[in-house]
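Chemist: One structure, as structure tokens, below. Some questions next.
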Amino acid sequence: MSSPLRIDPARALQEMAEFQRRLAAGLPRLRGLSEPGYADTPREAVYREDKLTVWHMLGEREPTAKTPTLIVYALVNTVWMTDLQPDRSLVRNLLAQGEDVYLIDWGYPDGADRWLTLDDYLNGYLDRCVDAVRARHGLDAVNLLGICQGGAFSLCYTAMHPEKVRNLVTMVTPVDFRTPDNMLSHWVQDVDADLFVDTLGNVPAALMNWVYLTLKPVRLLQQKYVAMVDILDKPAELENFLRMERWIFDSPDQAGEAFRQFIKDFYQGNKLVKGTLEIGGRPVDLGMVTQPVLNIYAEQDHLVPPDASRALARHVGSTDYTELPFKGGHIGIYVSGRAQREVAPAIHRWLAQR
Numbered sequence: 130m131s132s133p134l135r136i137d138p139a140r141a142l143q144e145m146a147e148f149q150r151r152l153a154a155g156l157p158r159l160r161g162l163s164e165p166g167y168a169d170t171p172r173e174a175v176y177r178e179d180k181l182t183v184w185h186m187l188g189e190r191e192p193t194a195k196t197p198t199l200i201v202y203a204l205v206n207t208v209w210m211t212d213l214q215p216d217r218s219l220v221r222n223l224l225a226q227g228e229d230v231y232l233i234d235w236g237y238p239d240g241a242d243r244w245l246t247l248d249d250y251l252n253g254y255l256d257r258c259v260d261a262v263r264a265r266h267g268l269d270a271v272n273l274l275g276i277c278q279g280g281a282f283s284l285c286y287t288a289m290h291p292e293k294v295r296n297l298v299t300m301v302t303p304v305d306f307r308t309p310d311n312m313l314s315h316w317v318q319d320v321d322a323d324l325f326v327d328t329l330g331n332v333p334a335a336l337m338n339w340v341y342l343t344l345k346p347v348r349l350l351q352q353k354y355v356a357m358v359d360i361l362d363k364p365a366e367l368e369n370f371l372r373m374e375r376w377i378f379d380s381p382d383q384a385g386e387a388f389r390q391f392i393k394d395f396y397q398g399n400k401l402v403k404g405t406l407e408i409g410g411r412p413v414d415l416g417m418v419t420q421p422v423l424n425i426y427a428e429q430d431h432l433v434p435p436d437a438s439r440a441l442a443r444h445v446g447s448t449d450y451t452e453l454p455f456k457g458g459h460i461g462i463y464v465s466g467r468a469q470r471e472v473a474p475a476i477h478r479w480l481a482q483r
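Count along the sequence shown starting at 1, add 129, and that's the number in the working numbering.
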């Protein structure tokens, strides 16, 4: 039996008064801050089509890797989580290791993109992005680094276009979309995706953000903002906090038709692991992914539970398959101090061996 909650009224009043004092002192500083920037690693646009841009990321020295790596991000949020700030940047760390890094910025869909399908994204846009990088280097195949939904896309793409992919790295990538501990999947199962998309058209980013925040409502909608008061007098920490907030809420809308297909085929149908998925009339068989695969997952990931990602080992056709667990969460795998020390060097070592 738990012990009763004991509250010292005098101490509680003292803590409330101190909280109010710090909040009042910090608000003028908060109002005086400009919006923090991110994505400041030098880069050049090498391919554009409709809303998307392929960026070639430029390091302080020439890359030593013989095969370039193309980062494929999710359609949700923006790719700049991989280059949030100089000391929290997967991209900068990969460049420092000698990798030659490209990334796809999907842009912000509008009404003109309402009917884009997964076939348009994978066998259209992604395929042409890969071709653009291949042509720049005169290579038959490049490395793919797929992140979250972008990892699922990369798996599908590799299964359909195996000749164009040399090595595949997946990070916090869902493969089995129906694991028992996947809260997001449980929520989605009874959603009428047809009614949802037919009513809304493109899915508003604000709605998607609300869904993700309510997976951890106390932590993400209350605790972090209460804790922010403790850093109002610490400019560097406050800027880092606001930069992350900017990234979270700087989200694209979702192209309606592609969203419909992803919900029905991946979350509800779980077709990627059942072997029944088709994209643009092409079968997607994970057994066709015979390239070397490095699968990185986060042990405390509430969006893509470890089992959802580790399922890849049972379905991929590669005989060169490596798993790398990371002690952190879905976002921490990019921005935590541990991630800066561990993730990019591990990717580089794995690629260098191949």
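Just so you know, even glycine gets a beta-carbon here, dropped at the ideal spot from N, CA and C.
Residue 153 by DSSP, collapsed to three states: which one?
Modeler: To locate residue 153, count along the sequence shown from 1; it is residue 24. In this structure, residue 153 counts as helix in the three-state DSSP scheme.
Chemist: Given the structure, does residue 347 come close to the ligand NAP, in the sense that its CB is under 7 Å from one of the ligand's heavy atoms?
Modeler: With respect to the ligand NAP, the structure offers nothing, as it holds no ligand at all.
Chemist: Quick test of your reading: residue 311 and residue 382, contact by CB under 8 Å. State the CB separation rounded to the nearest angstrom.
Modeler: Stepping through the sequence shown from its first residue, residue 311 is reached at position 182. Stepping through the sequence shown from its first residue, residue 382 is reached at position 253. Rounded, the Cβ-Cβ distance is 24 Å, inconsistent with contact.
Chemist: If contacts are defined as beta-carbon pairs under 8 Å, then residue 308 and residue 454 qualify, I think. What distance do you get, rounded to the angstrom?
Modeler: On the sequence shown, residue 308 is found 179 positions in, with the first residue counted as 1. On the sequence shown, residue 454 is found 325 positions in, with the first residue counted as 1. In fact, because the Cβ distance is near 16 Å, the residues do not count as touching under 8 Å.
Chemist: How is the alpha helix (DSSP H) around residue 386 delimited, first residue to last?
Modeler: As a working note, residue 386 is residue 257 in the sequence shown. Here the alpha helix (DSSP H) through residue 386 covers 385 to 391.
Chemist: What are the partner residues of residue 174, as DSSP defines its beta bridges?
Modeler: In the sequence shown, residue 174 corresponds to position 45, counting from 1. Partner(s): 184.
Chemist: Quick one, which of 212, 206, 194 and 199 has its alpha-carbon nearest residue 464's?
Modeler: The residue you call residue 464 lines up with position 335 of the sequence shown. Nearest option by C-alpha distance: 212.
Chemist: Would you call the region 202 to 211 and the region 227 to 237 in contact, with 3 or more CB pairs under 8 Å?
Modeler: Verdict: yes, contact present.
Chemist: Within the chosen definition, does the region 314 to 334 reach the region 375 to 395 through at least 3 CB pairs nearer than 8 Å?
Modeler: Touching, yes.
Chemist: From 161, 143 and 220, pick the residue whose C-alpha is nearest to that of residue 169; which is it?
Modeler: By one-based count along the sequence shown, residue 169 stands at place 40. The option with the nearest alpha carbon to residue 169 is 220.
Chemist: Output the distance between the C-alpha atoms of residue 143 and residue 149, rounded to the nearest integer angstrom.
Modeler: Locating residue 143 in the sequence shown gives position 14, counting from the first residue. Locating residue 149 in the sequence shown gives position 20, counting from the first residue. For residue 143 and residue 149, the distance between alpha carbons rounds to 10 Å.
Chemist: Please report the residue range of the beta strand (DSSP E) in which residue 452 lies.
Modeler: Position 323 of the sequence shown holds residue 452. Its beta strand (DSSP E) spans residues 450 to 455.
Chemist: Along the chain, where does the alpha helix (DSSP H) containing residue 334 start, and where does it finish?
Modeler: Your numbering for residue 334 matches position 205 in the sequence shown. From DSSP, the alpha helix (DSSP H) with residue 334 extends over 334 to 342.
Chemist: Compare the C-alpha of residue 230 against each of 337, 177, 282 and 266 and name the closest.
Modeler: If you number the sequence shown from 1, residue 230 lands on position 101. Residue 230 has its Cα closest to that of 266, out of 337, 177, 282 and 266.
Chemist: What are the boundary residues of the alpha helix (DSSP H) that includes residue 328?
Modeler: Within the sequence shown, numbered from 1, the residue matching residue 328 stands at position 199. Where residue 328 is concerned, the enclosing alpha helix (DSSP H) stretches over 322 to 329.
Chemist: Report, in whole angstroms, the separation of the C-beta atoms of residue 302 and residue 334, which I expect to be a contact under 8 Å.
Modeler: Residue numbering aside, residue 302 sits at position 173 when the sequence shown is read from its first letter. Residue numbering aside, residue 334 sits at position 205 when the sequence shown is read from its first letter. Not quite, the Cβ-Cβ distance comes to about 22 Å (not below 8 Å), so this is no contact.
Chemist: Beta-carbon within less than 6 Å of residue 451's beta-carbon, same chain only, minus the 5 sequence neighbours each way: which residues are those?
Modeler: Taking the sequence shown and counting its residues from 1, the one referred to as residue 451 is at position 322. Correct list, in chain order: 423.
Chemist: If you reduce the DSSP assignment to three classes, tell me which class residue 407 lands in.
Modeler: Here residue 407 refers to the residue found at position 278 when the sequence shown is read from its first residue. Reduced to three states, the DSSP call for residue 407 is strand.
Chemist: Under 8 Å between the Cβ atoms of residue 458 and residue 468?
Modeler: For this step, residue 458 is matched to residue 329 along the sequence shown. For this step, residue 468 is matched to residue 339 along the sequence shown. Not a contact, by the Cβ cut-off of 8 Å.
Chemist: From residue 362 to residue 375, what distance separates their C-alpha atoms?
Modeler: Against the sequence shown, residue 362 aligns to sequence position 233. Against the sequence shown, residue 375 aligns to sequence position 246. The straight-line gap from Cα to Cα measures roughly 20 Å.
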